[in-house]
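Undergrad: The opening residue of the sequence shown carries number 323 in the working numbering; numbering runs sequentially from there. My questions will all concern the structure given below.
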Amino acid sequence: MKASILHLLLCLTLVGCNTKNEQSLETVSESASKSIIDLSHSYSDKTVYWVTAKEFKLDTVFKGQTEKGYYYAANNFSTAEHGGTHIDAPIHFAKNAQTVDEIPLEKLIGNAIKIDITQKSSNNPDYLVNIEDFTNWEKTHGHTIPDKSIVLIETGFSKYYPDKVKYLGTDERGDHAVKLLHFPGLSPEAATWLVENRNINAIGIDTPSIDYGQSEYFQSHVILLKQNIPAFENLTNLDKLPSNEFEIIALPMKIEGGSGAPLRIVALVSE
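Now the structure itself:
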């Protein structure tokens, strides 16, 4: 589905209730060449969760023809906040920080860049994204990471999803399994560098956690979330994105007081 369709519907509404018709039509024109890329995994009994978290469960309430002759389907579902493609709200690792429902939409919608470290992580499941990975991106593009960017990190690990052994490092569950986790993540040094030297709105990665699997203290979480920088985890299709000049829309379930939530995240990319 083309982004232009969504923008067209929005702008037609604006035309009907706003005298700035020319501005609305200009927005349609600018968006006509953009496509939507889904960066979210589906939720099912195969969804990957943290090894200590409650997994997704879907219960059928009713499915079929009713006595009155119409078809009807309804389900109940239960899930932990942190599993599948989801958001970590700042309060997840920072006392008195923003909950899911308190995160400003400006943090979740906007221009984005992608840091591709797939060559480095392909043979090293414990790879830590470092400062040089960010400065190399800046050297390649001839400018610093733009202010208020959403930064996505492509490790290539989404290709293993939902194979838990390849994606997580283990298919065991429980507290003991935490020590068996192996997947790339962001080094605390790089997280600190981003906070102190760049002004980003959010960060995302195609692994189960912004901290690497062998992390014990989740320092990158603490560093970023203390600054009210939310994290998107278990992303997919990052290989379909350019390295810059695309937009992200990341809208979580609006759970009041939530430390995290299922996330539907898409990218708008110029064709």
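Using N, Cα and C, we set each Cβ at its ideal position, and we do this for glycine too. Here the structure is a predicted model, which is why all the values come from computation and not from measurement.
1. Who pairs with A524 in a beta bridge, going by DSSP?
2. Who does L585 pair with in a DSSP beta bridge?
3. With H, G and I counted as helix, E and B as strand and the rest as coil, what does DSSP make of F456?
4. Looking at the structure shown, is F479 part of a helix, part of a strand, or coil, going by DSSP?
5. Find the nearest neighbour of I587 within the set E593, G580 and L560, judged by alpha-carbon distance.
6. Which same chain residues, not among the five before or five after H408, have their C-beta less than 8 Å away from its C-beta?
7. From what residue to what residue does the alpha helix (DSSP H) around A513 run?
8. Below 8 Å on the Cβ atoms is my guess for D493 versus V500; work out the distance and round it to an integer in Å.
9. Over what stretch of residues does the alpha helix (DSSP H) that includes L546 continue unbroken?
10. With DSSP as the reference, please indicate the residues paired to Y393 in a beta bridge.
11. Beta-carbon separation of Y392 and F384 under 7 Å?
12. Using a threshold of 7 Å, state whether the C-beta atoms of Y489 and V373 are closer than that.
13. Can you give me the Cβ contacts of D423 inside the same chain, cut-off strictly under 6 Å, excluding the 5 residues immediately before and after it?
14. Under the rule that 16 or more other beta-carbon atoms within 10 Å means buried, what is T529, buried or exposed?
15. Where does E555 sit, in a helix, a strand or coil, going by DSSP?
16. Taking the alpha-carbon of T382 as reference, which of K390, I472, S400 and T477 has the nearest alpha-carbon?
17. Going along the chain, which residues of its own chain have a beta-carbon closer than 6 Å to the beta-carbon of I431, five neighbours each way excluded?
18. Flag this pair as yes or no: are the beta carbons of N550 and K470 separated by less than 7 Å?
19. Expressed to the nearest angstrom, what Euclidean distance is found between the alpha-carbon atoms of A402 and G580?
20. Considering Cα atoms alone, identify which of S565, N418 and K548 is closest to F456.
21. Start and end of the alpha helix (DSSP H) containing K486?
TA: On the basis of the data shown:
1. I472
2. DSSP lists P574 as the bridge partner or partners of L585.
3. helix
4. Reduced to three states, the DSSP call for F479 is helix.
5. The candidate whose alpha carbon is nearest that of I587 is L560.
6. These residues qualify, in order along the chain: F554, E555, N556, P574, G582, A583, P584 and L585.
7. P510 to N519
8. Not quite, the Cβ-Cβ distance comes to about 14 Å (not below 8 Å), so this is no contact.
9. Q541 to L547
10. Q387
11. no
12. no
13. K576 and E578
14. buried
15. DSSP places E555 in strand when its eight states are reduced to three.
16. S400
17. I571
18. no
19. Roughly 11 Å between the two C-alpha positions.
20. S565
21. K486 to Y489
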